[in-house]
Amino acid sequence: MRTFGLLGKNIAYSFSAGFFNKKFAAEDIPATYKNFDLQDISEFPGVIKSHPELQGLNVTIPYKQEIIPYLDRLDPVAREIGAVNTIKFEKDGSLTGHNTDHFGFTRSIKAYLQPHHTQALILGTGGASKAVAYSLRKMGIEVKFVSRNLQAEGFSYDTLTAQHLKQYTVIVNCTPLGTSPNFTSFPPIPVEHLTSAHLIFDLIYNPAITQLMKLGIQQNATAVNGLHMLEFQAEKSWEIWNSPH
4 MRTFGLLGKN IAYSFSAGFF NKKFAAEDIP ATYKNFDLQD ISEFPGVIKS
54 HPELQGLNVT IPYKQEIIPY LDRLDPVARE IGAVNTIKFE KDGSLTGHNT
104 DHFGFTRSIK AYLQPHHTQA LILGTGGASK AVAYSLRKMG IEVKFVSRNL
154 QAEGFSYDTL TAQHLKQYTV IVNCTPLGTS PNFTSFPPIP VEHLTSAHLI
204 FDLIYNPAIT QLMKLGIQQN ATAVNGLHML EFQAEKSWEI WNSPH
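Below, the structure written as structure tokens:
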């Protein structure tokens with residue numbers, strides 16, 4: 004049976020297995036999707052060796068960048084982004100890294116963007132944030148990263164001011180802060196300065212309304228979770244796994 008799976012750490016909560024196994028059942032596809040929960044990326048070669056039936060993998064936190072040295076090649080977009088969330092097992096046994104996060108993000112945020120949304124803050128600097136930055140730049144939106152430590156391309160949380168929030172009206176949470184079961188946590192931005200001009204896009208999908216989204220809604224901001232992004236990127240992964248090239 005064709006086998007696909009998700010590579011990550013502490014991924015019992017994952018959306019992917021449920022999504023794909025439901026899809027396989029509904030569309031009568033003879034395939035299965037498994038979670039491969041690795042404590043360290045060095046376990047990856049062992050996964051391939053013990054599962055020769057694997058034809059494709061998704062990759063999630065914290066391995067979207069760490070997986071790259073284990074792959075034979077990257078498609079041009081994944082190379083430019085610098086992160087991989089989809090692996091295709093080629094007919095010759097080699098592994099190609101792709102990124103479908105950018106596709107899912109673009110598809111899901113586009114409907115919410117307004118003409119005044121020209122600058123964005125990306126909270127977090129992991130693999131997902133790289134795909135988000137790529138997407139926003141492609142749409143002509145200037146991006147700055149926000150993290151615990153001050154960096155050249157952005158701000159630290161403790162340097163964010165009311166003026167920054169007035170200027171950057173798109174805010175994308177790429178951190179895990181607020182994920183179930185830690186419902187009350189959220190990235191420490193000055194939420195009291197959010198307004199109806201703001202669009203908050205939280206990559207988290209569980210819970211459906213995160214604490215950051217809730218606080219934004221209280222300030223009349225538009226708030227969107229990451230569920231549709233996940234669905235779009237998953238369908239794109241399926242397309243890649245089934246493409247002849």
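Residue 129 in our numbering sits at position 126 of the sequence shown, with consecutive numbering throughout.
Cβ atoms here follow ideal geometry from the backbone N, Cα and C, with glycine treated the same way.
Bounding residues of the beta strand (DSSP E) (the contiguous stretch that carries residue i)
i, result
"I125", "Q122 to L126"
"A226", "T225 to V227"
"I2", "Summary: the structure shown does not reach residue 2, with the chain confined to residues 4 through 248, and so no result is reported for it."
"T99", "L98 to H101"
"K113", "Here K113 belongs to no beta strand (DSSP E), and DSSP marks it neither H nor E."
Local Cβ density within 10 Å of residue i, reported as buried at 16 or more and exposed below that
i, result
"N75", "The question names Asn, yet the displayed sequence has Asp at residue 75. The residue in question, D75, is exposed, as its Cβ has fewer than 16 Cβ neighbours within 10 Å."
"H119", "exposed"
"K239", "buried"
"M232", "buried"
"K91", "buried"
"K67", "buried"
"L153", "exposed"
"Q221", "exposed"
"A224", "buried"
"D205", "buried"
Residue i - partner residues in DSSP beta bridges
i, result
"I212", "According to DSSP, which records beta bridges pairwise, I212 is partnered with nothing at all."
"V173", "A123 and L202"
"F92", "L98"
Residue i, enclosing alpha helix (DSSP H) - first and last residue
i, result
"F235", "L230 to N245"
Please list the segments of the alpha helix (DSSP H) lying wholly inside the stretch 6-86, counting only runs of 4 or more residues, in order along the chain. 18-29, 47-53 and 79-84
Measuring CB atoms only, is the stretch 92-112 touching the stretch 134-142, in the sense that at least three cross pairs come out at less than 8 Å? As far as the Cβ criterion goes, the stretch 92-112 touches the stretch 134-142, which means the pair count is three or higher.
Alpha helix (DSSP H) runs wholly inside the stretch 138-165, at least 4 long, in chain order: Given a length threshold of 4 residues, the stretch 138-165 has no whole run of the alpha helix (DSSP H) inside it.
Whether or not the stretch 23-38 and the stretch 68-84 are in contact is what I'm after, with contact meaning three or more pairs of Cβ atoms, one per stretch, closer than 8 Å; do they touch? no
Report yes or no: do three or more beta-carbon pairs, one from the stretch 197-214 and one from the stretch 168-177, lie closer than 8 Å? yes
Does the stretch 172-187 come into contact with the stretch 199-215, if we say contact requires no fewer than three beta-carbon pairs (one atom in each stretch) closer than 8 Å? Taking one beta carbon from each stretch, the stretch 172-187 and the stretch 199-215 have 3 or more pairs nearer than 8 Å; the two touch.
Would you be able to state if there are at least three C-beta pairs under 8 Å between the stretch 45-64 and the stretch 87-102? yes
Determine contact between the stretch 156-166 and the stretch 176-188, defined as no fewer than three beta-carbon pairs at a distance below 8 Å. no
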